[in-house]
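Participant: Residue numbers are given in our numbering: position 212 of the sequence shown equals residue 212, and the series is strictly consecutive.
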Amino acid sequence: VRHDNDFLFAIDRYYTAGTFLSYSKQLRDDFFLKRTQEHPLVFDLTIGQETYTPRELFESDFDLLERPYAGYLFLRATLRQARSENLIHTAIEAGLAGEQSLAGKAQREYHKLINEFIPVWAGEIANSFHINTYSSYVRDYHIKNSNLLKNFALQSQGALGTRQIYFRQEALAFIGDRAAVGKTTAFGQLGNDVEFYGYAGVGVEYVFLNALIQGHPFGDNSPFTLPIEPLVFSFKMGATYRDTRNSYQVIYKYRTRETSREGRSQFVTFQYARQF
């Protein structure tokens, strides 16, 4: 179970909330990719909802909005294959954008519940259906005879589809007791090694499409869209603890602007997992 939110920064803006429920399972047999005795394939199924808003939650004048309101509801299937020092994953996702995602309704109902201001959701991205694919390659380096910096990793990611198209490169440094790349929570792997580590990472993302800002690439009737910033930089830092059955993660994430009107985006991720 994972929840992203910017509430710690006392404002709803840009990527303001996300809620995700995932189920992961080690596969006994080959499934598109080849498994090994030491590193079984891992299959994930995730359902998630994301909420995006401009900073000006009371405005209906599009000239004053830094990005469109947008919601996204999706189902994603992921397959991961690990080796001793690297990990690859591929994923396919189907999603609904716009009012049909129910993100706007959920945010308004939540604000009513806590007796706060109600965002107007004027100019929301139009309803649309999306198919997207994702891939990732991680190269992990274990640093011997080091009491501080234990692991360093380079992660390359790509996305292709109607929801988003991008290429991303990230560098990550880990401090503390972290399992090998094929068994660590750092990359969503299953395992029962006890872990307690902190980490930090920087990334650069080349973005070619973001349909929740630009609208659907094959015809869109959204009342308000904007051009995207093609280059986005990011920073994150977090801490993870895992015992033999449970894992807990807290992560701070920062991104530079995604449109020319935006400022920075920052939020916190809370994640809990239990192995059965």
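We put the CB at the ideal spot given by N, CA and C, even for glycine.
For G201, is the classification buried or exposed, using 16 other Cβ atoms within 10 angstroms of its Cβ as the cut-off for buried?
Facilitator: buried
Participant: List in chain order: all unbroken beta strand (DSSP E) runs of 3+ residues lying wholly within the segment 117–200.
Facilitator: 128–142, 149–161, 164–177
Participant: Flag this pair as yes or no: are the beta carbons of Q155 and V138 separated by less than 7 Å?
Facilitator: A contact, by the Cβ cut-off of 7 Å.
Participant: Do the segment 222–236 and the segment 252–266 touch if we need at least three Cβ pairs shorter than 8 Å?
Facilitator: With a cut-off of 8 Å, the segment 252–266 and the segment 222–236 count as touching, because enough Cβ pairs lie within range.
Participant: Which residues in the same chain as W121 place their Cβ atom closer than 6 Å to its Cβ, once the five residues preceding and following it in sequence are excluded?
Facilitator: Y69, G104
Participant: Take the Cβ of Q275 as the centre, count every other Cβ of all protein chains shown within 10 Å, and call the residue buried at 16 or more, exposed below.
Facilitator: Result: exposed.
Participant: Could you pull the start and end residues of the alpha helix (DSSP H) that I114 belongs to?
Facilitator: Counted as a single uninterrupted DSSP element, the stretch harbouring I114 is not any alpha helix (DSSP H), since DSSP gives it neither H nor E.
Participant: Under a three-way DSSP split, which group does L212 fall into?
Facilitator: helix
Participant: So what does DSSP say about E205, is it helix, strand or coil?
Facilitator: E205 sits in a strand when the DSSP states are folded into three classes.
Participant: Indicate the three-state DSSP secondary structure (helix, strand or coil) for G98 in the structure shown.
Facilitator: coil
Participant: Are the segment 139–147 and the segment 77–87 touching, with three or more C-beta to C-beta distances below 8 Å?
Facilitator: yes
Participant: So G161 and N132 are supposed to be a Cβ contact under 8 Å. How far apart are they, rounded?
Facilitator: 3 Å
Participant: Rounded to a whole number of angstroms, what is the C-alpha to C-alpha distance between V250 and G18?
Facilitator: Distance between the alpha carbons of V250 and G18: 14 Å.
Participant: Taking C-beta to C-beta, are D4 and S24 nearer than 7 Å?
Facilitator: Going by beta carbons, D4 and S24 fall outside the 7 Å limit.
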